[in-house]
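For the sequence shown, numbering that gives the first Met the number 0 assigns the number 0 to the initial residue and increments by one for each residue that follows.
For each residue, glycine too, the CB sits at the ideal point set by N, CA and C.
What you are looking at is a predicted structure, and each value in this text was computed from that prediction instead of being measured.
Working notes, beginning with the structure itself.
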Amino acid sequence: MLETVILEIRSALGQHAGAIDLDALASLVRDLHAPDIAFILDELTLPEAERVFGLVDDDRAAEVLVQVAESTRRHFLAVTPLRRLANLLRRLPVDDVAQVVSAAGEDGERILTLVAPADARAVERLLDYPEQTAGRLMTTSVPAVPQGTSVGRTFEYLRVVAPDVETINTVYVVDGEGRLVGVCSIRELLISRSQASVDAIMHRDVVTVAPEMDQQQVARLIGRYDLLAVPVVDARQKLLGIVTIDDVLDVLTEEFEEDYTTLVGSAAAEMDRRTPVQIARLRLPWLLGTMAIELGAGAIIARFDAVLREVILLASFMPVISAVSGNVGLQAAAIVVRGLDTGHVSLDKWAHTVRRELLTALTIAATAGAILAMVGIVWSSRYPFGLVVGAAMTCAILAAGLMGTIIPMLSKRLGFDPAVTAGPFETAFQDVVGFTVFLWMASLLLHWLV
0 MLETVILEIR SALGQHAGAI DLDALASLVR DLHAPDIAFI LDELTLPEAE
50 RVFGLVDDDR AAEVLVQVAE STRRHFLAVT PLRRLANLLR RLPVDDVAQV
100 VSAAGEDGER ILTLVAPADA RAVERLLDYP EQTAGRLMTT SVPAVPQGTS
150 VGRTFEYLRV VAPDVETINT VYVVDGEGRL VGVCSIRELL ISRSQASVDA
200 IMHRDVVTVA PEMDQQQVAR LIGRYDLLAV PVVDARQKLL GIVTIDDVLD
250 VLTEEFEEDY TTLVGSAAAE MDRRTPVQIA RLRLPWLLGT MAIELGAGAI
300 IARFDAVLRE VILLASFMPV ISAVSGNVGL QAAAIVVRGL DTGHVSLDKW
350 AHTVRRELLT ALTIAATAGA ILAMVGIVWS SRYPFGLVVG AAMTCAILAA
400 GLMGTIIPML SKRLGFDPAV TAGPFETAFQ DVVGFTVFLW MASLLLHWLV
């Protein structure tokens, strides 16, 4: 359905500017939810998205501004009139405003002047936390009541604050200094007597997170305990805010899309908006690095040119060794990248991961090497030939497994995207190792191969 709307929008915008029926264009998105509009705008070019965004009513446009891709959001912030931008920001909770200001970059200070001073101060406090942490993700509008509050008074309080807080599924109980001492679900409040104190029904063993915790760890914690929200507290247990499950779902969706769409070095939707020169500039550094390493493999082949001329059959096995070992390395890299994302692979326990993947690669290498050795013996009718190709396959697979494990973790440690760097460098390194072992052993056993 949305694909059809996108085609109709593009068709309408493709007409001469004076002939565009703005009412008809607005009708295409009039009945759509904000997430659907955000999806459509991310599929359009930036000029097309800008035209359509201008036709969306402010209530939905505010939600759309938060849900579109960061590049689209930056463009909207740059071209939207200040009066309208102020109207949109006033409709957003503080944590969403912080997200918008963060995406604005250098224009963030200008955008902050468009919101109320109290909200601007709250946004600045959120932006003080590092990116992709619980502190940056949390909302500070939290339904909290003091210890000793009755259930009846709690409901009166909720009726007043409900329009201004993100969720009222859980009420947080704090002491006189704002420290979290317990939580009550709305269900527990409903089944309790109005005269009862929240102290009597609250849960004191509360799962909390620090504001510096990585957002992926927060997402895993919420999933592990089946929470709708998790409170964020400082070292003194003072309640700072909460991270809700909808924010966590956004994090998981964003991480999933980043990991799998950047596996080849760039996001497809993002690439659709760039010029060919910009796309090439983004991808070339990694490919040039791979080419430099592969030139090393070429130099090794040239060094053993005489061996290949003597035993031309050796050249027939080089693509097999390269392809099989390359796939082993890519499998190892994919497993490690996924493990880094889900938390199953930890940089602090890198030795355990390397040891496990090496044992796996050794089993594969021994099996594949033995099979290729037998094929080489049958094909050449010489046992030394089978020894050479089998040993080369074994070493190449071991090198590929090692590189496929180490490179993603090293990239993560250095701040690069492991999904982008793992594939090119792993395949290049295993080619160098595999061809070196292959041709070196062939030169040592040349007397028995000819």
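query                                                                                                                                             : result
Curious, which full-length alpha helix (DSSP H) runs of at least 4 residues does the segment 157–194 contain?                                     : 185–189
Would you be able to state if there are at least three C-beta pairs under 8 Å between the segment 359–367 and the segment 279–295?                : no
Does the beta-carbon distance from T404 to A350 come in below 8 Å?                                                                                : no
In terms of residues, what are the limits of the alpha helix (DSSP H) holding G400?                                                               : Y382 to L413
Would you say the segment 135–154 touches the segment 93–105, given that touching needs at least three Cβ pairs under 8 Å?                        : yes
Starting from H32, follow its DSSP beta bridges and name the residues at the other end.                                                           : In DSSP, H32 forms no bridge with anything.
Can you tell me whether DSSP reads I370 as helix, strand or coil?                                                                                 : helix
Going by C-alpha distance, which of G433, A119 and I376 is nearest G400?                                                                          : G433
Buried or exposed for L125, please, with buried defined as at least 16 other CB atoms from any protein chain shown within 10 angstroms of its CB. : buried
Could you check which residue in N86, T132, A103 and I39 has the C-alpha nearest to that of F75?                                                  : A103
Taking DSSP as the reference, what is the three-state secondary structure of D246?                                                                : helix
Would you report the Cα separation of G325 and F428, rounded to the nearest angstrom?                                                             : 9 Å
Distance check for T435 and R223, CA to CA, integer angstroms please.                                                                             : 48 Å
Taking only three categories from DSSP, how would you classify P284?                                                                              : helix
Could you spell out the range, first to last residue, of the beta strand (DSSP E) harbouring A228?                                                : A228 to V232
Considering V144, what are the terminal residues of the beta strand (DSSP E) in which it resides?                                                 : A143 to P145
Here's the rule I'm using: 16 or more other beta-carbon atoms within 10 Å means buried, otherwise exposed. How should A77 be labelled?            : exposed
Shortest alpha-carbon distance to S26 belongs to which of P34, V51, Q236 and A228?                                                                : V51
Taking its Cβ as the centre, do 16 or more other Cβ atoms sit within 10 Å of R412, making it buried, or is it exposed?                            : exposed
Relative to the C-alpha of F154, which candidate in M392, A218 and S193 has its C-alpha closest?                                                  : S193
In three-state terms, what does DSSP make of S196?                                                                                                : strand
Alpha carbon to alpha carbon, what distance is there between T252 and I8?                                                                         : 26 Å
So which of T207, V160 and Q216 has the shortest CA-CA distance to R178?                                                                          : T207
Quick check on DSSP: helix, strand or coil for H74?                                                                                               : helix
Measuring alpha carbon to alpha carbon, tell me which residue in D430, G389, P383 and G375 is nearest T398.                                       : Before going on, a small fix: residue 398 reads as Ala here, not Thr. Here the closest residue by C-alpha is D430.
Please classify I396 as buried or exposed, where buried requires at least 16 neighbouring CB atoms within 10 angstroms.                           : buried
Can V229 and L220 be called in contact, C-beta distance under 8 Å?                                                                                : yes
For a test of the three-state rule: what should DSSP assign to V208, helix, strand or coil?                                                       : strand
By how many angstroms is the C-alpha of K237 removed from the C-alpha of G175?                                                                    : 10 Å
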